[in-house]
Amino acid sequence: MVILLIVGSIVIGFMVGVLFLGFSRKIKARIHWRYGPPLYQPIIDIVKLFHQESVSHGFLFDFGILLSLGGAIVTLLFIPIGNIVPLHGSGGLLVVLYLMLIAPLGIALSSVEAANPNVSIGISRKFILALGYEIPFLLVALSVMTNYGTTSFVEIVELQRASHWGIISMPLSGIALLLILPVMMGMKPFDQVGAPQEISSGPEVEYGGIYLALSKIQHIYLIFIDIALFVALFMGGGSEPLTFFMKMLPIFLIVLLISTVYPRFRIEQAFNYCIKWPTIIAFLGLLLVIWR
Amino acid sequence: MLLECTLLIGFGGAFLVYLLGKISARVRDFFAILLSVVLVVLVSLMYRTPGIELTYFSFLDYPLRLKMDWISWFFGIAVVSINLFAMIFSLSDMNHKKRVDLFYLLMLLVNAGMLGVVFSGDLISFYIYWEIMSWSTFLLISFKKEGWSAGLKYIILSIIGSFSMLVGMLVIYSQLGTFNISAIMEQMHTLSPGYIFSTLLLFSISFGIKNALMPLHTWLPDAYTESESPFSAVISGMLTRMGIYGFLLILFVIIGLGRYLEVGSGGYSFILSWLGAITIIMGTFIALLQNDAKKLLAWHGIGQGGYMILGIAYGSSLAVAGGIFHTLNHAIYIVLLYFSVGAVEYRTHTRDLNSLGGIIKKMPIAFMGALLGISGLIGVPLTNGFVSKWLLYKSLILNHSPFLAFAALIGTWGTILSVYKFLHNMFLGQLPEKYSNIKRAPFSMQFPIIVFSFTIILFGVLPGIPLNIIGKMMENMGFASMQVNIWGIVTEMGTLNTVNIFFAIILVVFGIYILYRIGFRSKRVTQEDTYAAGHPAPRDKYAYTSEFYAPLFREMKPIFREWVSIFFEKIVKFGGTLSDTIRKIYVGDLGTYVLYIVLFLAFLLILRMGWNLW
Numbered sequence: 007m008v009i010l011l012i013v014g015s016i017v018i019g020f021m022v023g024v025l026f027l028g029f030s031r032k033i034k035a036r037i038h039w040r041y042g043p044p045l046y047q048p049i050i051d052i053v054k055l056f057h058q059e060s061v062s063h064g065f066l067f068d069f070g071i072l073l074s075l076g077g078a079i080v081t082l083l084f085i086p087i088g089n090i091v092p093l094h095g096s097g098g099l100l101v102v103l104y105l106m107l108i109a110p111l112g113i114a115l116s117s118v119e120a121a122n123p124n125v126s127i128g129i130s131r132k133f134i135l136a137l138g139y140e141i142p143f144l145l146v147a148l149s150v151m152t153n154y155g156t157t158s159f160v161e162i163v164e165l166q167r168a169s170h171w172g173i174i175s176m177p178l179s180g181i182a183l184l185l186i187l188p189v190m191m192g193m194k195p196f197d198q199v200g201a202p203q204e205i206s207s208g209p210e211v212e213y214g215g216i217y218l219a220l221s222k223i224q225h226i227y228l229i230f231i232d233i234a235l236f237v238a239l240f241m242g243g244g245s246e247p248l249t250f251f252m253k254m255l256p257i258f259l260i261v262l263l264i265s266t267v268y269p270r271f272r273i274e275q276a277f278n279y280c281i282k283w284p285t286i287i288a289f290l291g292l293l294l295v296i297w298r
Numbered sequence: 045m046l047l048e049c050t051l052l053i054g055f056g057g058a059f060l061v062y063l064l065g066k067i068s069a070r071v072r073d074f075f076a077i078l079l080s081v082v083l084v085v086l087v088s089l090m091y092r093t094p095g096i097e098l099t100y101f102s103f104l105d106y107p108l109r110l111k112m113d114w115i116s117w118f119f120g121i122a123v124v125s126i127n128l129f130a131m132i133f134s135l136s137d138m139n140h141k142k143r144v145d146l147f148y149l150l151m152l153l154v155n156a157g158m159l160g161v162v163f164s165g166d167l168i169s170f171y172i173y174w175e176i177m178s179w180s181t182f183l184l185i186s187f188k189k190e191g192w193s194a195g196l197k198y199i200i201l202s203i204i205g206s207f208s209m210l211v212g213m214l215v216i217y218s219q220l221g222t223f224n225i226s227a228i229m230e231q232m233h234t235l236s237p238g239y240i241f242s243t244l245l246l247f248s249i250s251f252g253i254k255n256a257l258m259p260l261h262t263w264l265p266d267a268y269t270e271s272e273s274p275f276s277a278v279i280s281g282m283l284t285r286m287g288i289y290g291f292l293l294i295l296f297v298i299i300g301l302g303r304y305l306e307v308g309s310g311g312y313s314f315i316l317s318w319l320g321a322i323t324i325i326m327g328t329f330i331a332l333l334q335n336d337a338k339k340l341l342a343w344h345g346i347g348q349g350g351y352m353i354l355g356i357a358y359g360s361s362l363a364v365a366g367g368i369f370h371t372l373n374h375a376i377y378i379v380l381l382y383f384s385v386g387a388v389e390y391r392t393h394t395r396d397l398n399s400l401g402g403i404i405k406k407m408p409i410a411f412m413g414a415l416l417g418i419s420g421l422i423g424v425p426l427t428n429g430f431v432s433k434w435l436l437y438k439s440l441i442l443n444h445s446p447f448l449a450f451a452a453l454i455g456t457w458g459t460i461l462s463v464y465k466f467l468h469n470m471f472l473g474q475l476p477e478k479y480s481n482i483k484r485a486p487f488s489m490q491f492p493i494i495v496f497s498f499t500i501i502l503f504g505v506l507p508g509i510p511l512n513i514i515g516k517m518m519e520n521m522g523f524a525s526m527q528v529n530i531w532g533i534v535t536e537m538g539t540l541n542t543v544n545i546f547f548a549i550i551l552v553v554f555g556i557y558i559l560y561r562i563g564f565r566s567k568r569v570t571q572e573d574t575y576a577a578g579h580p581a582p583r584d585k586y587a588y589t590s591e592f593y594a595p596l597f598r599e600m601k602p603i604f605r606e607w608v609s610i611f612f613e614k615i616v617k618f619g620g621t622l623s624d625t626i627r628k629i630y631v632g633d634l635g636t637y638v639l640y641i642v643l644f645l646a647f648l649l650i651l652r653m654g655w656n657l658w
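Same order as they appear, the protein sequences are chains A and B.
Everything in the first sequence is counted per my numbering, starting at 7 for the first residue and increasing by one.
Everything in the second sequence is counted per my numbering, starting at 45 for the first residue and increasing by one.
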């Protein structure tokens, strides 16, 4: 039963992530007055990549990318997608906070085994950005856990269903998380990590073939996890997967529309953005929760 | 019987090793290892017999006592195990260095001193062993010529701490008339809150200095950095954490949990917790700015000490368990990290993070040690650091202290940044030309690294093993018993099941591995064979290591400075200026001195006349 749930959530996460990615390319194209690729283009890309030859720089290069994707998938298993939560009794939101770090850490270990300075610059940017968004994100997570008096993800969702959505009882925290969602997902104004025109895609520059495919899959899962976090923490989750996805869609659209019109920030600007308004709002949100 | 024997062997053996060193280096090495093994065995044998207390010596009719309970055993076994592996590590690290006999003597003396501290049953013995430990430490820190000023810094603060502890002991003695810890425990309730507060404060200063609690931490970074690597491991792993043992002793054994939480109507616990939280943030973020591998770890030593203090000072049962467990976990991974850095330094003769790089293929075992060490330091799930931090966070969040929890959590993210830089700049990225011929570390260095790497995973997947003993300690200290089983911890606040996480990760990674094998069409290329967008990066020219987080540093540097050291330096400067001004009175001219005397007499006369000049 547990195995079935695990496989189920892995497949669902992948399919929905791919759908979102295809959808995003379509929307972007329409904004640019283009026709755009078909919805299933990301799958075509991945299948193609699996058939290409690639180079490897050593053991850590292979291991890190596996670890990264593994970390992303295990994180997914802790998040309640509708009523599917394969690992509900193993630690809750606190574990998720930590597991979310394995995926970038895996990429960071894998890609730098090649002596390419672009990779190192990309990774350095990734960690600076991560520190930037973790400050407000941790404040938001703490206000949710303090508000509901539990660290269990499932209970947080159930408590929301019993009363009302988290965004209503903790509006400031919800807004703060919404403000840093694009940063967490690495979408356009905040895509300094893989900036293609500056540092040749940063950490991904050495990846080809299967490595690039695994890296893309990992990215798909991360996008799914970030949006799912918002839905589960602030929009009451969903009683079954379908409503959950319907709630995810508008959030993704908001982030997407921002990303289509904004150019890239510099890394200092991105860091300063994170530690300014989102942090202040998240801090006030936490104060509000304690004050009540 | 076993207790006295252990201490006797510990101290006697140290001097024996020194004397044997005068005869032959090989015999000395053999006996040093043998002695360390014997001590591990002796302390392990005591596992069955905790709860004894005995008088071992009478000095001027005053009985000096030893005790053995779970707290002592827990710290004792950690002390001797770390000592054993540090000794094995020194076999090759200290090879071909000067005054090795003295080094071994001092290492073993520190070890025996720490054993004495944790086995002491009265405050006099505690003080004596504490001093033996502190003075041997001083000699070890200033063992190298460069370490002289670091040693001086250490011993000055240490003496302040010792005096503070001595006064605290005298306060207790003046009121209760005994130094015996168990007798003090029983009579503590007769003391007024004011006395309890002053005792607590005096002992906290002493243990705070030892554990490098901000703002008493200034001795630590230089002391860790300038020591020989094996001793860096000992001092960071266990010696500094004698402060934690001291805090446990004074807070929960001597004063008692209930009374401790009432001191200053809870204000004392609040202040100590916040000092811990500030220590976490300042320690880890200053670590980020360091470019010396050992100094980076030293600042993490301060920061991680903050977690332990925070857990213990907070006083809820989960937090205290987390604090104690973190002490053990920290000892394991920081020792491992110092061993790895030591191995790298042994081969490359540098620990400058800006000039190393890419030696993963040259020293794979040291890399593995460093990788697992930093994983433990971050607290990546399935390494030991995760479980102790999880206990701490959980307790802080569910007891409605989200700001303390925030300090602890953000400290973790600061840790990730700095330890990644540590790993990247030493082992990953470009391999400089000058290191293309270095060899692997010798076996006596690799062996401790392998053992400690294994322990990190073991305690991360099966945290029940140490938590079981910590549960018994907690009962000794008057907490409710914890529900522990082999795979984790069960509380009314929620469960943590590390074995589940372990199998999930294994399953998933294996699944991906199969996928990966199916599409496996990669060929191995050298490290330099990279894509550079038409601008091939020449070797040794484009390593991105120095100023790794340059954009962040610009933001951080004004805030995260060593404020306390700057304050001390200001005081020193002020003292210098003041003395310089006073010195100007002594001009060396006889006539001026006569003038001083005449003026002074005139002043006295005027005074006598009652300021009535006319």
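By construction, the Cβ of each residue, glycine as well, lies at the ideal position given by its N, Cα and C atoms.
A quick note: this is a predicted structure, and the numbers were derived from the prediction, not measured.
Short Cβ contact (8 Å threshold) for VAL307 (chain B) with LEU244 (chain B): yes
Helix, strand or coil for TYR630 (chain B) per DSSP? coil
By how many angstroms is the C-alpha of PHE369 (chain B) removed from the C-alpha of PRO510 (chain B)? 8 Å
Among A:ASN278, A:GLY243, A:GLY215, A:ALA109, which has the Cα closest to the Cα of ILE52 (chain A)? A:GLY215
Using alpha carbons as the reference points, say which of B:MET286, B:LEU426, B:LEU260, B:SER360 lies closest to LEU319 (chain B). B:LEU260
Output needed in chain order: residues of the stretch 156-184 of chain A with a Cβ under 8 Å from some Cβ in chain B. THR156, THR157, SER158
Would THR152 (chain A) count as contacting chain B if we go by Cβ distances under 8 Å? yes
Inter-stretch contact (C-beta, 8 Å, three-pair minimum) for the stretch 128-145 of chain A and the stretch 429-445 of chain B: no
Is there at least one Cβ from chain B nearer than 8 Å to LEU202 (chain A)'s Cβ? Position check: residue 202 (chain A) holds Pro in this sequence, whereas Leu was assumed. By this cut-off, PRO202 (chain A) is not an interface position.
Can a CB atom of chain A be found closer than 8 Å to the CB of LYS406 (chain B)? no
Which of helix, strand or coil DSSP assigns to VAL53 (chain A): helix
With a CB to CB cut of under 8 Å and the five nearest residues on each side skipped, what residues in its chain are close to LYS483 (chain B)? ARG391, LYS406
Just to confirm the assignment: which complete beta strand (DSSP E) runs, minimum length 3, are found wholly within the stretch 460-548 of chain B? 527-529, 532-535, 538-541
With a Cβ-Cβ cutoff of 8 Å, do THR181 (chain B) and VAL154 (chain B) count as a contact? yes
Does any CB atom of chain B fall closer than 8 Å to the CB of LEU35 (chain A)? As written in the sequence, residue 35 (chain A) is Ala, which differs from the Leu given in the question. Taking Cβ atoms only, chain B never reaches closer than 8 Å to ALA35 (chain A), which makes this a no.
Do VAL261 (chain A) and PRO209 (chain A) have their C-beta atoms within less than 8 Å of each other? no
Take ASN124 (chain A) and list the residues in its own chain whose beta-carbon comes closer than 7 Å to its own, dropping the five residues that flank it on each side. ILE205, SER206, GLY208, VAL211
Tell me the DSSP secondary structure of PRO408 (chain B) in three-state form. helix
Please confirm whether ILE279 (chain B) and TYR268 (chain B) have their CB atoms less than 8 Å apart. yes
So, with DSSP's three-state summary, where would you put LEU104 (chain B)? coil
Could you pull the DSSP bridge partners for LEU98 (chain B) from this structure? B:LEU110
Cβ closer than 9 Å: which chain A residues qualify as neighbours of GLN334 (chain B)? Simply none; closest approach about 16 Å.
Just list the beta strand (DSSP E) runs in the stretch 117-202 of chain B, keeping only unbroken ones of 3 residues or longer that don't cross its boundaries, in chain order. none
Taking buried to mean at least 16 other C-beta atoms within 10 Å of its own C-beta, is ASP633 (chain B) buried or exposed? exposed
Stretch-stretch touch, CB-based, cutoff 8 Å, three pairs: the stretch 134-151 of chain B with the stretch 89-104 of chain B: no
I need the boundaries of the beta strand (DSSP E) containing VAL61 (chain A), first residue and last residue. 60-62
Could you name the residues of the stretch 547-559 of chain B whose beta carbon sits closer than 7 Å to any beta carbon of chain A, in the order they occur along the chain? ALA548, ILE549, VAL552, VAL553, ILE556, TYR557
Measure the alpha-carbon distance for MET158 (chain B) versus TYR104 (chain A) and round it to whole angstroms. 35 Å
Interface residues of chain B around TYR104 (chain A) at Cβ under 9 Å? ILE422, GLY423, VAL424, PRO425, PHE430, LYS433, TRP434, THR456
Across the stretch 163-173 of chain A and the stretch 235-243 of chain A, are there enough close Cβ pairs to call them in contact, namely three or more that are closer than 8 Å? yes
What in chain A is Cβ-close to PRO446 (chain B), meaning under 9 Å? LEU145, LEU148, SER149, MET151, THR152, LEU292, VAL295, ILE296
Identity of the residues DSSP links to ILE322 (chain B) by a beta bridge: Per DSSP, none; premise fails for ILE322 (chain B).
Among B:SER242, B:SER202, B:PRO408, B:GLU175, the one whose alpha carbon lies nearest that of GLY252 (chain B): B:SER202
Using a Cβ cut-off of 9 Å, pull out every chain A residue sitting near LYS567 (chain B), in sequence order please. GLU59, SER60, VAL61, SER62
Between B:SER480, B:HIS468, B:MET489, B:ILE610, which has its C-alpha nearest SER117 (chain A)'s C-alpha? B:HIS468
So, are the CB atoms of SER88 (chain B) and ILE121 (chain B) less than 8 Å apart? yes
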